[in-house]
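Visitor:
There are 2 protein chains.
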Amino acid sequence: MARKAAIIGGGVIGGGWAARFLLNGWDVAVFDPDPQAERKIQEVLANARAALPALSDLPMMAEGVLTMADTLTDAVEGAEYIQESVSERLELKHRVFAQIQQSCPDTLIGSSTSGFKPSELQQNAANPAMIFVAHPFNPVYLLPLAEVVPSAVSDLDAIERAKDILREIGMFPLHVRKEIDAHVADRFLEAVWREALWLVKDGVATTEEIDEAIRMGFGLRWGQMGLFETYRVAGGEAGMKHFMAQFGPCLEWPWTKLTDVPEFTEELVDLIAGQSDAQSGQYSIRELERIRDSNLVGFLRALKDRDWGAGRVLREHDERRRVAVADTPPAGAPLVMAHMQVLPGWIDYNGHMTESRYLYASSETTDAFLRYIGADMDYVASGYSYYTAESHIMHRGEAKLGDRLTGTLQVLSADEKRLHVFVSIQKDGQEVASIEQMLLHVDMKAGRATAAPQAILDRLLPIANAHADLPRPKAVGRATGQRK
Amino acid sequence: MARKAAIIGGGVIGGGWAARFLLNGWDVAVFDPDPQAERKIQEVLANARAALPALSDLPMMAEGVLTMADTLTDAVEGAEYIQESVSERLELKHRVFAQIQQSCPDTLIGSSTSGFKPSELQQNAANPAMIFVAHPFNPVYLLPLAEVVPSAVSDLDAIERAKDILREIGMFPLHVRKEIDAHVADRFLEAVWREALWLVKDGVATTEEIDEAIRMGFGLRWGQMGLFETYRVAGGEAGMKHFMAQFGPCLEWPWTKLTDVPEFTEELVDLIAGQSDAQSGQYSIRELERIRDSNLVGFLRALKDRDWGAGRVLREHDERRRVAVADTPPAGAPLVMAHMQVLPGWIDYNGHMTESRYLYASSETTDAFLRYIGADMDYVASGYSYYTAESHIMHRGEAKLGDRLTGTLQVLSADEKRLHVFVSIQKDGQEVASIEQMLLHVDMKAGRATAAPQAILDRLLPIANAHADLPRPKAVGRATGQRK
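Chains as they are written, first to last, in our numbering: chain F, 7 to 490; chain W, 7 to 490.
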């Protein structure tokens, strides 16, 4: 049976939590008295369904079941984890916690609060030990960070269980060691927000210019190394102490004069809202959300390719799921070897998957098969590999952005040196392309074909035998442009 | 003759400027009395050579010539642009400007200063109008941002020329409308730095935890949308005003208590340097630089795929160069249609060009031919295109990172609907792969093959006729795995 999470408050943040749990296979019950809540959550969920699968190299789990609960008590019943994302009003949060703990005093309750400390949230609670901060970042379904902040009375075993659950839904729980107003990340956001308001107010820069000053420069750095590691690199071989000696004294410079809080007048609000319209008004919020998500997917995939930062979180999430989901040997004949999704970089100017990406999808399929018969990365490191000598591709349909593709492989023939395969790339069970390939087992150092070792042949030849009885696809043996 | 830039001060920043100019085809003269300067610049240049070509979809220009000048006067002689990157000491900068303007009073002088205002830089100068701030961000060869700050006495035509030059070397000049201490971006960096020092000092978070709080969350957002556009999206359909109404009042909250400057004691420096060692000490600075650059290349390529933010700057840079480099009609029979360079993203785990990229190289060649016969982007926009029906690839050699490839195309046959071509991908005149393709002229709306218009046939058929006399490559008509 699927595990259950309860989400109290179904706005953009609550909806993001719901999407994360659902797409990771949890059932979710949402309570929010707003009659628009279900529509809003469905919109967040649609965004999440378009973006989150593009981060994974495994097929998605079966999505959990979403329920809109009539009462808060219905929502939390049987839940293993409860996340509160109601408005930032302390007395409202206290009422929600009191009601939850009437029926579930021992269930984990994370709060999405950006401002309140856990000790404030816990005031007057029936079981304060189970209430803690789990502060996420929008879009919750893509960004891994959740600041987990306990107080002195928190149950630390419960906190560890909460962190495990967050990891299970692909997040990075950052355990904040001391409670403090605004936790950690929002202190920086607040500092920058304050400076930005001054710059706009004083006419130094518009909202657009400020955004460019961030995203053309240090914003790119911070997506992968943060503040201190970036400066460590800037300090060069002389190290962090040298950097601090060089730049520390700047703290005393007149830049500090703008630490005041600008007055939050109607004029300032109008100025900023007007500039923001001029900057981004050509896009609807939905369009901006999709652009943002697509960009974040691109960053996260780049980091995943490099096994770094947030990309390492994604890899670990895949690994955890790979153990859970897979190690089921590929099934069927032909073998279903790969599941893929068409990513933005795969699209050409026609809006279709670009032709070289069909061969890429085929390589993914063949590589998975090679790993399966033991010709994996370690094997390649030992100096041997299968090289493709020749390929023939038939284009039979079109794949578009976001399409889910399956790669199947049939062994046409195999001997010690040669491996002749037929790969079919399919969308909804229909072939969009087929690729016939001849591979050779190669001694990479000698640069010539050589017999594969017995261990590989012992895995390969039985499959070849089993596939010998399969019908031979019509495209096999075909030359380009040959009349039917 | 190549244009010349002079770089005064050859540290990490000066070296980054030198690399940007050199890799964009400018000659560069550096003046720096430090005997280590040449070694340092060569190290930055090695990093830049490994990273910058990966951002371009065109072959790199011939690299300019780097000279280490014996005197400042030698360095600036004949330079069209001078960039000053000496230490942040105003009297030193004044001396440098005075010496430059003795021989070149009318040459553009950008300063890399992060702290000084242009009016301060211009004090007592022979020609203050030519001195301005051009503040870049490390690594200068990858991050597009350059804050361009004039003062009231600046020559605005000169500023526009400087911005054009910065665009020519792939940068994004952000014209800052009012001079202010620390310009724009560094105000934010300073604000965050200050908050971060407090958090470490107070034991709320370590340097590593702070970096995670940034790069797992808002750091990823800021690489692509900056501050205001991110908040606009967060505000949802209700818009920016709603967001401000909701979050503006937080300005009055106690988060403001930490706007003081922490005292910069030896203990604080040791605490931070120690934490930074624990966090990143397993990597050398060179390793961290390469990791950072590889991550930034990944982000920038993702944005380029999506034509957004810094990625749009890269695209525009390519377009500008495409006009400059190309539009020479193809020569020879077969036609030489494309020149390419093997980029880092084209390499597989064997260190070789991955097989799907041979088909990509072929597509680049065929696309160039299609544009040449009139089936260009505008033509596709009108609803017609050539689609690949079928391809046969022969692998005959190996290409590696940085190899320059040429794509030639021979028309095997052509009629109203069908276009049968043979593409050869060559390295140093040797074929590394051949691709035989059948393309069909398609009515994209109707989704079926249709006759090409006369205008295209008028260009295509004479080439087909001319190519009819060429020897037919042996690989033509070959099926995969066919015995010779």
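Using N, Cα and C, we set each Cβ at its ideal position, and we do this for glycine too. Since this is a predicted model, take the numbers as computed values, not measurements.
1) In this structure, does DSSP put Asp217(W) in helix, strand or coil?
2) Kindly provide the ranges of any beta strand (DSSP E) runs that are 3 or more residues long and lie completely inside the region 115–143 of chain F, ordered along the chain.
3) In whole angstroms, what separates the C-alpha of Ala457(F) from that of Asp449(F)?
4) Leaving out five residues before and five after Glu214(W) in sequence, what residues of the same chain have Cβ atoms less than 6 Å from its Cβ?
5) Does any CB atom of chain F fall closer than 8 Å to the CB of Val139(W)?
6) Starting from Tyr366(W), follow the alpha helix (DSSP H) in both directions and report where the run begins and ends.
7) Cα separation between Val50(F) and Phe27(W)?
8) With a threshold of 16 other CB atoms inside 10 Å of the CB of Gly241(W), please say whether the residue is buried or exposed.
9) Between the region 32–44 of chain F and the region 143–159 of chain F, can you find at least three pairs of beta-carbon atoms closer than 8 Å?
10) For Ile379(F), go through chain W and note every residue whose CB falls closer than 7 Å to its CB, in chain order.
11) Would you give the residue range spanned by the alpha helix (DSSP H) that Ser391(W) belongs to?
12) Which value, in whole angstroms, describes the spacing of the CA atoms of Gly487(W) and Val303(W)?
13) Where DSSP assigns a beta bridge to Asp33(W), which residues make up the other side?
14) Contact criterion: CB-CB distance below 8 Å. Does Asn30(W) meet it with respect to chain F?
15) Which residues share a DSSP beta bridge with Thr414(W)?
16) May I ask which residues mark the beginning and end of the alpha helix (DSSP H) holding Ile186(F)?
17) State yes or no: is the C-beta of Thr2(W) within less than 8 Å of the C-beta of Val429(W)?
18) Runs of 3 residues minimum, wholly inside the region 49–118 of chain W: which ones carry the beta strand (DSSP E) assignment?
19) Chain W partners of Asp311(F), CB-CB under 7 Å?
20) Just the Cα atoms here: how many angstroms apart are Tyr393(F) and Met400(F)?
21) Using 8 Å as the limit for Cβ to Cβ distance, is Gly15(F) near chain W?
22) Going straight from the alpha carbon of Leu309(F) to that of Ala474(F), what length do you get?
23) Tell me which residues share the same chain as Ala202(F) and place their Cβ nearer than 6 Å to its Cβ, disregarding the 5 neighbours each side in the sequence.
24) Would you tell me roughly how many angstroms separate the C-alpha atoms of Gly15(W) and His141(W), rounded to the nearest one?
25) Check whether the region 227–237 of chain W and the region 186–202 of chain F touch, using three or more Cβ-Cβ pairs below 8 Å as the test.
26) What residue range does the alpha helix (DSSP H) around Phe194(F) cover?
27) Do you know whose CA, among Gln416(W), His100(W) and Pro41(W), lies nearest Ala481(W)'s CA?
28) Could one say the Cβ of Pro124(W) lies closer than 8 Å to chain F's Cβ atoms, at least one of them?
29) Answer yes or no: does any C-beta atom of chain W fall closer than 8 Å to that of Ile216(F)?
30) What does DSSP give as the partner residues of Lys406(F) in its beta bridges?
31) Straight-line CA distance for Arg489(W) to Arg318(W)?
32) Closest Cβ-Cβ distance between Trp228(W) and chain F: below 8 Å?
33) With a threshold of 8 Å between beta carbons, is Asn133(W) in contact with chain F?
34) Name the DSSP beta bridge partners of Arg424(F), please?
35) Does the region 36–48 of chain F touch the region 161–168 of chain F, meaning 3 or more C-beta pairs lie closer than 8 Å?
36) Rounded to a whole number of angstroms, what is the C-alpha to C-alpha distance between Ala279(W) and Ala316(F)?
Guide: The short version:
1) helix
2) 137–142
3) 9 Å
4) Gln285
5) no
6) Glu361 to Tyr378
7) 45 Å
8) buried
9) no
10) Within 7 Å Cβ-Cβ: nothing; Ile379(F) doesn't reach chain W, min ~17 Å.
11) Segment Tyr390 to His401 is the beta strand (DSSP E) holding Ser391(W); no alpha helix (DSSP H) there.
12) 39 Å
13) Lys10(W)
14) no
15) Val342(W) and Ser430(W)
16) Premise fails: Ile186(F) is in no alpha helix (DSSP H) and is neither H nor E.
17) No information on residue 2(W) is available, as it lies outside the stretch 7 to 490 that chain W covers here.
18) 72–74, 87–90 and 114–117
19) Gly304
20) 21 Å
21) no
22) 42 Å
23) Ile216
24) 14 Å
25) yes
26) Ala191 to Lys207
27) Gln416(W)
28) no
29) yes
30) His358(F)
31) 49 Å
32) yes
33) no
34) Leu446(F)
35) no
36) 24 Å
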